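Input: a single structure, listed below in structure tokens.
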Amino acid sequence: MTAADEPGTLVERIAAQTPPHVAARVRGLSDRSIAWLFIAPTILLLLAINIFPLVWAIRLSFTSFMSNMPMPMRFNGIDNYIDILADEDVWQHFQATAHFVVSTIALQVVIGLGLALLINRQFRGHSFWTTVILLPMMLSPAVVGNFWTLLFQPQIGPFNYLISFFTGAPPSSFTMIGDVRLAPWTIVLVNTWMWTPYVMLICLAGLRSIPDYIYEAAEVDRASPWRQFWAITLPMVLPFLMLAVLFQAIQAFEMFDLVNLLTSGGPGSVTELVSITLKRSAFEKWETGYSSALAVILFVTVFGAANIYVKALNRVKQR
Amino acid sequence: MKATMKTSLMTAALIGAGVAAAAPLNSAYAEGKSLTMCWAAWDPANALVELDKDFTKQTGVEMKYEFVPWTSYADHFINLLNSHSSECDLIIGDSQWIGGAAENKWYVKLNEFFEKNNISMNTFIPATVVGYSEWPKNTPNYWALPGMADAVGWTYRKDWFARPDLRAEFKKEYNREIAPPETWDELLQVAKFFTGKEIDGKKVYGAYIFTERGSEGITMGATNAMYDYGFEYDDPKNPYHMEGFVNSAGAVKGLEVYKELYKCCQPPGLSNAYMQEGLDAFKSGEVAMQMNWYAFFPGLYKDPNVGGDKIGFFANPKGPYGQFTQLGGQGLSVVAYSHNIPEALDYVKWFAQPNVQQKWTALGGASASKAVLLSDAYKASAPYAPSFVASMGFVKDFWAEPLYVPLLLDMQKRLHDFVVADKGTAQHALDQLVKDWVKVFLQEGKNPA
């Protein structure tokens, strides 16, 4: 007689096979305890890799600890925080970051929504163009960084030749990465190129979720396409768009790899985003205490802004 | 005759046996052992691999290598040393690391070993001993054997300088013959002269200089002008006192000259460029003159397109304060966390031998040994050799303090902000640098007041 032939439900049969000493131990546990037992490994893992480092970083932020020096950890109160907030250079790096985040998000939203509206229509080669548009976000930032660095080469880079073709300016007369005025826009351009497809994808999901009958009703009411866009499309896509903005803003705020490859924060410090400042102080200068304080400030800023934003997003959804 | 021959054979056998017995490196115990050598990935590292084949042949110790690109060289190896890793048995570490390496005991102190094995530091060029081996500086405490002598020098397109049309044009414009520059004023003149010229159908630029922001590039470049105009790291009579030395009028002028050279004559797009970009610019016929480390010059001299008769070399030019150049190069040290310290010390002993030093230079390395470097044979060996020997006589080095990294990164930021990003004035940049450095020295427990 096999197990399958035995009488009773599967659960009963498995319970019957549980060794008596295990069964005796588990029998005394409540459902709540068993639930805790199941989630305990995850909680422990979270504590170990998220909460503990956070608490440890907060602790370090109140010390003058340098991890490359054999010196004891010395408590220095809020000195690191004062140093950071009083440092003119750090504020400039925050300004550079704000410029990058705001510009990149604005461009991604406008272009991403536009592309989604185009791709949402049925036309020949629709799937092919969707794939082509999605390609940049599938590449590694390291590849994108090196690829654009080459494109921006003043003498051999095609980008300068393209600009030269349209403007008549000699290709080597300007340098996208090395010019103080152009470099901040260069990193915005590359990040927009890479991540607009992601915004488009989310907007496309939003557009596809709008039932056709709403548009059919609008047609019956003789609403113009422009009116349909403002009254139906945009309000119904808005929660999706806001979600994309949230993800992309967090991504842009912590942007490091792409910018580091393109400009290393230069020329001078004009494209030095706070993430690059943080890396330099933590892993080049080894100012562990100072960099922990900067990390805490960044965390609070992003966490606070994200919370406010999520509340706004929920309000939009409830409408 | 027979007896004489027999005696000779016996004598030869005895000498042979004696030599074999005395040979310090013919050690059977080393069979099956291996040593890992850590250094930067560049031309001289290939020469070292070639050289080390003799060591393996003599001792049976296999050599393994960990060569890391310059851009991550310091980060990578300092992290290893900080974490007390035994990954490297031997390390050719940058001159700036010596303070941290000595104070944190990353390297084995070599005084006793040198004494026991009759290795004298007097046989090496003094600047390299101070730069690569000593900590505290100018004290007989040795943590490395001078390994690879190097300094900043210049290459120029000898064929362009020799063109009659360009010579005539230059003479008409500046009322003198065009020649490798001896002063910074001349360098600026020549660089401006070539910039924008069309040579062999290509627009060329006057000079390539270091501008790299991330590691050490712009500091290793700009200091060559700043030293010559009066920049000092601190008051020689009052160590760590920097006000009026780092930001002296001369230092400010030197930095302005460097910026002028960058603005007038650097090829476009090279705003974050170091050694490799310089080599590329020179090899592609984009620049008339190139600042770079002497270590690359043997390779450039052999280059089929721009080497041979087409290339010339000159030492860093003079300024009103004197003639100095940035010291490069590294010392050979034994890592204190190595599991193979006796074999690693054997290697140092082998490497210090005059014949090995000779071969090291012949293969494309650069010995710091006086016997090799100051010999007539070396000076006549290649066109870059005379200016290299001269340069080694007036080198200056960056801080080698345990906290040299923050000191270096502060200078990188201030110089790049001014030279490349046009932020503020040279005076402001150097005033800010003094403030940054005071903060670092206070952290280190020094008194910069």
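Taken in sequence, the protein lines are chains B and A. Letter by letter, the first sequence follows residues 9 to 327 of our numbering. Letter by letter, the second sequence follows residues 12 to 460 of our numbering. Just so it is clear, CB atoms sit at the ideal spot from N, CA and C, and this is done for glycine as well. Remember, it's a predicted structure, so these values are computed and weren't measured experimentally.
- Per DSSP, A/Trp50 is one residue of the beta strand (DSSP E) stretching across 45–51.
- Cα atoms of A/Gly456 and B/Asn154: separation of roughly 42 Å, rounded to the nearest angstrom.
- Assignment of beta-bridge partners to A/Ile210 by DSSP yields A/Lys213.
- Cβ-Cβ separation between A/Pro328 and A/Pro147: approximately 32 Å, too far for a contact (criterion under 8 Å).
- With contact defined as three or more Cβ pairs closer than 8 Å, the stretch 396–404 of chain A and the stretch 93–104 of chain A are not in contact.
- Pairing B/Ser299 with B/Phe307, the inter-Cα distance amounts to about 12 Å.
- For A/Leu343, the enclosing beta strand (DSSP E) has its first and last residue at 341–345.
- The three-state reading of DSSP puts A/Asn327 in coil, since its state is none of H, G, I, E or B.
- Taking a cut-off of 8 Å on C-beta distances, the stretch 260–272 of chain A does not touch the stretch 167–187 of chain A, as fewer than three cross pairs fall below it.
- Taking a Cβ-Cβ threshold of 7 Å, none of the residues of chain B is close to A/Ser83; the smallest such distance is about 11 Å.
- When the beta-carbon positions are compared, A/Cys276 and A/Ala202 come within less than 9 Å of each other.
- Of the candidates A/Ser386, A/Leu420, A/Lys434, A/Val451, the residue whose Cα lies closest to the Cα of A/Ala85 is A/Leu420.
- Of all residues in the stretch 271–292 of chain A, those with a C-beta nearer than 7 Å to a C-beta of chain B are Pro279, Gly280, Ser282, Asn283, reading in chain order.
- The closest CA to that of B/Leu212, considering only B/Phe264, B/Ser272, B/Leu251, B/Val278, is found on B/Leu251.
- Assignment of beta-bridge partners to A/Ala138 by DSSP yields no partner.
- A/Val163 sits in a strand when the DSSP states are folded into three classes.
- In this structure, A/Trp81 places its C-beta atom within 9 Å of the C-beta atom of A/Tyr285.
- DSSP assignment within the stretch 149–193 of chain B yields the following whole alpha helix (DSSP H) runs of 4 residues or more, N-terminal first: 149–159, 166–175.
- Cβ contact annotation for A/Asn122 (same chain, cutoff 8 Å, sequence separation greater than five): Pro151, Asn152, Tyr153, in chain order.
- Here A/Tyr219 is near A/Asn303, since their CB atoms are less than 9 Å apart.
- Collapsing the DSSP output to three states places A/Tyr395 in coil.
- A check of alpha carbon separations from A/Gly330 across A/Leu356, A/Pro279, A/Thr234 identifies A/Thr234 as the nearest.
- Chain B places no beta carbon closer than 9 Å to that of A/Glu267, leaving this residue out of the contacts.
- Only Ser72, Met74, Ser75, Asn76, Met77, Pro78 from the stretch 61–89 of chain B bring a Cβ to less than 8 Å from some Cβ of chain A.
- Under the Cβ criterion of 9 Å, B/Ile119 is not counted among the residues facing chain A.
- By the Cβ neighbour-count rule, B/Met79 is exposed, with fewer than 16 other Cβ atoms within 10 Å of its own.
- Residue ranges of uninterrupted alpha helix (DSSP H) with 4 or more members, entirely inside the stretch 241–310 of chain A and ordered along the chain, are 260–276, 286–294.
- Taking all protein chains shown into account, B/Met146 has fewer than 16 neighbouring C-beta atoms within 10 Å of its C-beta and is therefore exposed.
- Sequence-distant partners of A/Asn283 (beyond 5 residues in either direction) whose C-beta falls short of 7 Å from its own C-beta, in its chain, are Thr222, Glu223, Arg224.
- In the three-state reduction of the DSSP assignment, A/Lys407 falls in the strand class.
- The stretch 270–282 of chain B makes no contact with the stretch 34–48 of chain B: fewer than 3 CB pairs, one atom from each, lie closer than 8 Å.
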